[in-house]
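K.L.:
A single structure is presented below for examination.
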């Protein structure tokens with residue numbers, strides 16, 4: 149320990165004497181370690197940290213997947229088949245698909261999220277209430293009074309954390325519900341949907357039930373997912389038996405881990421970001437190694453004297469490793485401050501849909517990673533200088549530094565090429581036409597309270613009054629009401645083969661795949677500027693087809709006036725321009741069911757909650773803030789207690805590019821860091837070489853070489869390094885393109901224009917970094933150089 153402290157004091161004095169070297173090294177180390185620590189914090193929360201369930205690695209999601217729902221679900225009848233044949237599962241549970249809005253109808257009413265879950269829900273997940281108790285089997289039987297588990301936040305805000313909460317009543321949608329217990333503060337549903345209240349589901353397996361469920365199970369100890377998948381094969385087949393034939397053609401079974409379900413396609417993007425920041429860290433290490441090699445060369449006389457006085461090579465190597473380790477720790481300390489700033493930037497830029505990224509922070513786990521990264525970085529960039537021998541041929545040392553510079557340039561090309569491909573993909577996403585105009589359109593989402601709007605008569609009266617008031621809204625050129633918003637706003641789906649055309653034979657079961665549909669008022673098309681290319685958009689019991697739907701249903705024929713049976717017989721009155729509602733990369737066939745809010749309309753005679761949830765869309769020339777105030781007052785005049793969520797339609801369309809924009813921004817940021825570090829490294833090596841070859845340059849100039857020729861000699865050498873780095877980087881970029889292919893939209897993975905631009909940029913940076921050393925070399929005085937020792 150005494151020798152270690154002596155080495156630390158010596159290293160500290162050495163760094164203090166050479167402040168330029170120390171600051172440059174600290175900058176490179178802090179940049180590499182800081183960015184790596186910030187990204188690790190994100191990866192840790194998204195991919196690595198244990199889920200808040202007991203033995204979470206044994207939890208799986210099981211069910212059907214279809215073209216319209218990529219997340220597993222089961223119909224209740226099929227779920228009963230699984231529940232009676234658990235096979236590899238130690239336990240199974242379910243909840244009704246989707247969190248429903250419910251109203252706390254007490255003093256100070258509040259809109260909550262309520263989820264219907266099976267009685268063994270918490271037990272299967274391995275979660276215990278923090279107050280009160282769990283559901284009992286009797287409470288989950290059909291017909292029993294419903295019980296509730298409330299969220300920790302609701303318990304604290306509404307009941308002041310009362311420990312005797314069990315047994316108290318909660319008024320939900322006008323009905324009393326008895327509270328069983330309180331969920332933990334860190335509780336999250338398996339789908340990550342926010343739920344304030346869990347209610348008993350009360351499934352009845354004694355009758356056929358087409359209810360849609362999300363199903364999760366706990367594997368038996370020692371059973372892997374592939375083993376469980378193979379063991380469930382006969383159960384899969386049996387579960388399809390209660391399901392209609394047409395559905396079997398579209399659906400397939402899938403079993404996957406709960407983490408995979410939660411993370412989804414975020415996993416690949418996360419690892420790509422991790423690989424990018426690792427490249428930045430390696431560039432920083434190569435940069436620091438070059439700096440230390442240059443410093444070792446400058447201290448060669450000192451090392452020779454120490455060896456002559458009896459110092460061992462291991463003693464000198466240890467001194468060098470101590471110095472590099474100190475630089476790594478100091479860089480890590482500064483890097484933690486940079487990591488905090490980077491993390492705030494990442495979280496601020498992060499779009500919705502990346503699980504748990506808002507929880508990313510510099511906790512003890514992440515700080516321990518930063519410490520390990522600092523020590524490892526110090527070891528990595530200290531190995532080459534530690535192995536340095538004063539008697540080694542100088543040319544070999546120079547070649548090592550050249551290789552390190554080439555590696556930095558190659559990694560920079562790889563990062564720049566990846567950033568270029570993602571930026572081109574982002575540009576295409578933002579420029580793709582969607583088929584409707586989202587600018588100057590305000591949206592309002594609302595759900596009528598069930599306790600006050602339990603029947604169609606009351607619901608229709610609400611819409612009648614709302615439409616009457618909206619017709620007088622200042623600055624509104626058009627408005628419409630719909631059950632879903634584009635793009636990808638929860639559009640309904642139907643099998644094409646379920647549509648019956650009057651005068652034509654039935655469509656073969658399973659033919660044609662899925663088609664989209666939505667309820668809209670006739671002014672929907674005018675409000676969103678969706679052109680009606682044929683016919684009109686008005687009428688009772690009428691529908692409008694999209695162009696692709698018209699071609700699919702009536703190839704080569706005029707669809708206007710034809711009648712189709714969907715649930716009732718309806719007349720086709722118009723054809724609308726195609727709209728990209730299913731995603732940017734395709735146009736799905738779609739039809740629109742036109743409806744008014746007249747009590748005499750056939751569609752409005754059906755019982756149910758079809759009208760409770762709706763969206764208002766308003767096209768306006770007035771500022772959105774002013775329209776929002778007017779709309780709030782109009783809603784309040786009709787229903788004072790109705791919560792309404794306002795947003796602009798352009799914010800929804802911009803969200804399509806949010807995740808690609810996030811990915812492209814971070815990769816571009818890392819590429820800029822890598823290029824900056826590589827340029828600093830190149831400048832340092834070129835400066836060192838000019839210093840080392842001062843005598844040779846003087847001889848050349850004394851023999852007649854011109855300053856321009858000397859400058860070209862230096863720049864030519866840097867250009868050779870750039871060529872080598874570019875060649876290796878382009879090869880790496882080709883493989884990187886394949887890795888990020890799933891993140892690209894209509895952008896080639898090996899785009900020649902992008903690679904050419906990246907290589908051109910690399911040579912420009914190389915020229916800029918080599919210019920000052922070349923200029924310095926061209927100004928060497930031959931007489932001074934010949935006296936240079």
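Residue numbers (our numbering): 149 to 937.
Just so it is clear, CB atoms sit at the ideal spot from N, CA and C, and this is done for glycine as well.
This structure is a prediction, so every number in the text was calculated from the model and none was measured.
1. What residue from 227, 896, 759 and 807 has the CA that sits closest to residue 239's CA?
2. CA-CA distance, residue 873 and residue 559?
3. From residue 939 to residue 578, what does the alpha carbon distance come to, in whole angstroms?
4. With 9 Å set as the bound, which would you pick, yes or no: does the beta-carbon of residue 617 sit closer than that to a beta-carbon of chain D?
5. Could you check which residue in 863, 849 and 737 has the C-alpha nearest to that of residue 643?
6. Helix, strand or coil: which one does DSSP assign to residue 417?
7. From the DSSP secondary-structure annotation, give me the bridge partner or partners of residue 362.
8. Checking 9 Å against the spacing of the C-beta atoms, do residue 522 and residue 481 come in under that value?
9. If you count every other CB in all the chains shown that lies within 10 Å of the CB of residue 556, and 16 or more means buried, which is it?
10. Please work out which residues of its chain come closer than 6 Å, Cβ to Cβ, to residue 819, disregarding the five sequence neighbours upstream and downstream, and give them in chain order.
11. Mark residue 788 as exposed unless 16 or more other C-beta atoms lie within 10 angstroms of its C-beta, in which case mark it buried.
12. Could you pull out every unbroken beta strand (DSSP E) segment of at least 3 residues lying fully inside the segment 572-659, listed in chain order?
13. Could you tell me if residue 472 is buried or exposed, where buried requires 16 or more neighbouring beta carbons within 10 angstroms of its beta carbon?
14. Taking the alpha helix (DSSP H) that residue 877 falls in, what are its first and last residues?
15. Suppose contacts are defined by Cβ-Cβ distances below 9 Å. Is residue 146 in contact with residue 290 by that definition?
16. In this structure, does DSSP put residue 342 in helix, strand or coil?
17. Counting C-beta neighbours from all protein chains within 10 Å, is the total for residue 698 16 or more, i.e. buried, or is it exposed?
18. Let me confirm a value: residue 539 is counted as buried when at least 16 other C-beta atoms fall within 10 Å, else exposed. Which label applies?
19. Entirely within the segment 651-729 and at least 4 residues each: give me those alpha helix (DSSP H) ranges in chain order.
20. So, does the segment 195-211 touch the segment 355-371, judging by three or more C-beta pairs under 8 Å?
21. Just the Cα atoms here: how many angstroms apart are residue 727 and residue 685?
22. Assign residue 793 to one of three DSSP states: helix, strand, or coil.
23. Buried or exposed: residue 879, going by 16 or more other Cβ atoms within 10 Å of its Cβ?
24. Excluding five sequence neighbours on each side, which residues of the same chain lie with their C-beta closer than 6 Å to the C-beta of residue 830?
25. Just checking, does the segment 243-257 make contact with the segment 669-679 on the three C-beta pairs under 8 Å criterion?
26. What do you reckon, are the CB atoms on residue 182 and residue 489 nearer than 9 Å?
27. Please state the DSSP three-state secondary structure of residue 539.
28. Between which residues of its own chain and residue 707 is the CB-CB distance below 7 Å, once the five residues before and five after are set aside?
29. Taking 9 Å as the threshold (C-beta atoms), are residue 889 and residue 421 in contact?
30. Quick one: Cα of residue 217 to Cα of residue 411, how far?
31. Taking all protein chains shown into account, decide if residue 284 is buried (16 or more other Cβ within 10 angstroms of its Cβ) or exposed.
32. Name the two residues that bound the continuous alpha helix (DSSP H) containing residue 200.
33. Exposed or buried, residue 899, counting other C-beta atoms within 10 Å across all chains shown (16 or more means buried)?
34. Using 9 Å as the threshold, is the C-beta distance between residue 865 and residue 837 below it?
35. Looking only at C-alpha atoms, which of 196, 527, 427 and 519 sits nearest to residue 467?
36. Under three-state DSSP, which class holds residue 926?
P.N.:
Taking the definition as stated:
1. With distances taken between CA atoms, residue 239 lies nearest to 227 out of 227, 896, 759 and 807.
2. Going by the C-alpha atoms only, they are around 8 Å apart.
3. The structure shown does not extend to residue 939, since the chain spans only 149 to 937, so no value can be given for it.
4. Of the protein chains in the structure, only one exists, and it is not chain D.
5. Residue 737 is the option with its Cα nearest to residue 643.
6. Helix, per DSSP.
7. 243
8. yes
9. buried
10. Leaving aside the five residues that flank residue 819 on each side, the residues in its chain whose CB is nearer than 6 Å to its CB run, in chain order, 563, 564 and 567.
11. exposed
12. Segments of the beta strand (DSSP E) lying fully in the segment 572-659: 589-595, 624-630 and 640-643.
13. Burial of residue 472 is indicated by the presence of at least 16 other C-beta atoms within 10 angstroms of its C-beta.
14. 855-887
15. No statement about residue 146 is possible, as the shown extent of the chain runs from 149 to 937 and does not include it.
16. coil
17. When all chains shown are included, residue 698 counts as buried.
18. Residue confidence for residue 539 is low, a pLDDT of 48 falling below 50, so the modelled location carries little weight and cannot support an answer.
19. 672-675 and 695-701
20. yes
21. 16 Å
22. strand
23. exposed
24. Cβ within range, chain order: 553 and 917.
25. Touching, no, given that fewer than three Cβ pairs across the two stretches are closer than 8 Å.
26. yes
27. Summary for residue 539: the model assigns pLDDT 48, below 50, so the residue's position carries little reliability; its value from the coordinates is reported in the next sentence. Three-state result, residue 539: coil.
28. 693, 698, 701, 720 and 723
29. no
30. For residue 217 and residue 411, the distance between alpha carbons rounds to 16 Å.
31. exposed
32. Run containing residue 200: none; DSSP gives neither H nor E here.
33. buried
34. yes
35. 527
36. helix
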